[in-house]
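Take a look at the structure set out below.
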Amino acid sequence: MYPTDLTLTQWQFIKKTLDFDDRKRKHDLCIIWNAIYYIVKTGCQWRMLPSNYPKWQLVYYYYSKWSNLELFDLLLTNLREEVRVKRGQNAEASLGIIDSQSVRWGNNRSLNGFDGNKKVKGIKRHVVVDKNGFLLAVMVSVANFHDSKAALLLMRTLHYLLVSVKVILADGGYRGNVIEEIKNKFGYIIQLVLRSDNKEKLFKPVHKRWIVERTFSWFDNDRRLCRNYELLMENSENMVKLSAIKLLLNKI
Numbered sequence: 001m002y003p004t005d006l007t008l009t010q011w012q013f014i015k016k017t018l019d020f021d022d023r024k025r026k027h028d029l030c031i032i033w034n035a036i037y038y039i040v041k042t043g044c045q046w047r048m049l050p051s052n053y054p055k056w057q058l059v060y061y062y063y064s065k066w067s068n069l070e071l072f073d074l075l076l077t078n079l080r081e082e083v084r085v086k087r088g089q090n091a092e093a094s095l096g097i098i099d100s101q102s103v104r105w106g107n108n109r110s111l112n113g114f115d116g117n118k119k120v121k122g123i124k125r126h127v128v129v130d131k132n133g134f135l136l137a138v139m140v141s142v143a144n145f146h147d148s149k150a151a152l153l154l155m156r157t158l159h160y161l162l163v164s165v166k167v168i169l170a171d172g173g174y175r176g177n178v179i180e181e182i183k184n185k186f187g188y189i190i191q192l193v194l195r196s197d198n199k200e201k202l203f204k205p206v207h208k209r210w211i212v213e214r215t216f217s218w219f220d221n222d223r224r225l226c227r228n229y230e231l232l233m234e235n236s237e238n239m240v241k242l243s244a245i246k247l248l249l250n251k252i
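Mapping of the sequence shown onto UniProt numbering: residues 1 to 252, in sequence order.
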């Protein structure tokens with residue numbers, strides 16, 4: 001019906017991974033997933049969901065239920081490993097890249113701060129990706145939360161998800177005592193990749209770090225992520241996970 005609808009192959013992967021049963025329902029779960037992805041791609045409000053889909057209350061019920069059961073994390077992990085193996089890589093990543101993205105707010109009632117460096121009022125998305133740019137972990141904070149402080153919370157999330165990375169590349173915003181603290185608490189080695197002096201003042205992508213910037217550009221392809229319209233931080237994180245899942249589903 002819409003370009004965001006899942007193909008049969010994509011739905012079969014989701015159904016198998018999340019172990020959905022075949023009991024008879026009024027609305028097929030595939031239609032629920034299509035409705036969620038319509039919201040992620042178009043950025044529409046839940047209450048503005050087209051009448052072709054089930055009622056928005058039902059769609060949001062399943063979205064909330066799957067979020068609480070951490071099924072988005074499970075699906076993201078399985079998809080990432082599937083695509084990595086398909087590319088001839090190890091299923092689990094050993095190298096990660098960390099960075100943050102400041103996002104303007106789109107809802108006056110949502111929590112927000114002001115990033116003085118980027119001149120952005122809103123939130124920050126802190127992410128770790130693998131060498132392909134595929135999402136490993138995400139944490140959302142207010143925009144004035146410093147990257148070095150957020151790194152500890154993000155590493156805790158990474159550790160909770162049992163991600164097997166050993167080395168994580170970072171920019172100069174993560175320098176300081178946080179590097180040793182992360183190594184002692186979680187065992188991750190943070191390596192700083194700094195921008196070299198460019199006397200010609202030409203744009204040159206920084207080695208490996210450009211990968212995470214490309215991931216942020218992938219997120220911006222989904223209108224729900226162009227600005228922050230979520231009242232809760234966990235919903236902002238879920239939208240990032242769903243966007244990453246959608247990207248990986250197109251690669252299986």
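C-beta atoms are modelled at their ideal positions from N, C-alpha and C, and glycine is treated no differently.
(message) With DSSP as the reference, identify every bridge partner of valine 129, one or two as the case may be.
(response) DSSP links valine 129 through a beta bridge to Ile97 and Leu135.
(message) Distance check for glycine 96 and valine 165, CA to CA, integer angstroms please.
(response) Rounded to whole angstroms, valine 165 to glycine 96 spans 6 Å at the Cα level.
(request) Assess, as a yes-or-no matter, whether the region 151-167 is touched by the region 117-125 under the definition of 3 or more beta carbon pairs within less than 8 Å. (result) Not touching, per the Cβ criterion.
(request) Please state whether DSSP places isoleucine 31 in a helix, a strand or coil. (result) Looking at isoleucine 31 - three-state DSSP - the assignment turns out to be helix.
(message) For the alpha helix (DSSP H) containing phenylalanine 186, name the first residue and the last one.
(response) Element bounds for phenylalanine 186: 178-186.
(request) Pair every Cβ in the region 38-54 with every Cβ in the region 7-20, then say whether three or more of these pairs are closer than 8 Å. (result) These segments do not touch.
(message) Using 8 Å as the cut-off, can you tell me whether the region 169-189 makes contact with the region 48-66, which would need three or more C-beta pairs spanning the two stretches below that distance?
(response) No, the region 169-189 is not in contact with the region 48-66.
(message) Can you check which of these residues, Ile179, Phe186, Glu181 and Asp147, is closest to threonine 157 by C-alpha distance?
(response) Checked all of Ile179, Phe186, Glu181 and Asp147; the closest Cα to threonine 157 is Phe186.
(request) Could you give the DSSP three-state label for lysine 208: helix, strand or coil? (result) Lysine 208: coil per DSSP, three-state reduction.
(message) Out of Phe72, Pro3 and Val240, which one is the CA nearest neighbour of leucine 161?
(response) Leucine 161 has its Cα closest to that of Phe72, out of Phe72, Pro3 and Val240.
(message) Which of the three DSSP states is assigned to arginine 87 in this structure?
(response) Assigned with DSSP and collapsed to three states, arginine 87 falls in coil, not helix or strand.
(request) Check each candidate in Gly106, Glu237, Lys183 and Ile32 and name the one with the smallest Cα separation from leucine 136. (result) By alpha-carbon distance to leucine 136, the top candidate from Gly106, Glu237, Lys183 and Ile32 is Glu237.
(message) I need the straight-line Cα distance from phenylalanine 219 to glutamate 180, nearest angstrom please.
(response) Each residue's alpha carbon lies about 31 Å from the other.
(request) Have a look at Leu29, Ala244, Arg23 and Tyr60 and flag the residue whose alpha-carbon is nearest the alpha-carbon of leucine 8. (result) Across the set Leu29, Ala244, Arg23 and Tyr60, the C-alpha of Leu29 shows the shortest separation from the C-alpha of leucine 8.
(message) What residue range does the alpha helix (DSSP H) around valine 59 cover?
(response) Start and end: 56-68.
(message) For a quick check, are the C-beta atoms of isoleucine 182 and valine 129 less than 8 Å apart?
(response) Between isoleucine 182 and valine 129, the C-beta gap is not smaller than 8 Å, which leaves the two residues out of contact.
(request) Could you round the C-beta distance between leucine 75 and isoleucine 252 to whole angstroms and report it? I think they count as a contact, below 8 Å. (result) A Cβ-Cβ separation of about 12 Å leaves leucine 75 out of contact with isoleucine 252 under the 8 Å criterion.
(request) Could you have a look at glycine 172 and say whether DSSP puts it in helix, strand or coil? (result) In the structure shown, glycine 172 sits in a helix (DSSP, three-state: H, G or I).
(message) Starting from isoleucine 252, trace the alpha helix (DSSP H) in both directions and tell me its first and last residue.
(response) Premise fails: isoleucine 252 is in no alpha helix (DSSP H) and is neither H nor E.
(request) Use the C-beta contact count for aspartate 22: other C-beta atoms within 10 angstroms, 16 or more gives buried, fewer gives exposed. (result) In the assembly as shown, aspartate 22 is an exposed residue. Its beta-carbon has fewer than 16 other beta-carbons within 10 Å.
(request) Confirm, please, whether the CB-CB distance from alanine 91 to aspartate 115 is below 8 Å. (result) At least 8 Å separates the beta-carbon of aspartate 115 from that of alanine 91.
(message) Just to confirm before moving on: does the CB-CB distance between residue 261 and lysine 241 stay below 8 Å?
(response) Beyond the ends of the chain as shown, which are 1 and 252, falls residue 261; an answer cannot be given.
(message) Short of 6 Å in beta carbon distance, which residues of its chain neighbour tryptophan 46, apart from the five on each side in sequence? Order them along the chain.
(response) For tryptophan 46, where only same-chain residues beyond five positions count, the Cβ hits under 6 Å are Trp56 and Tyr60.
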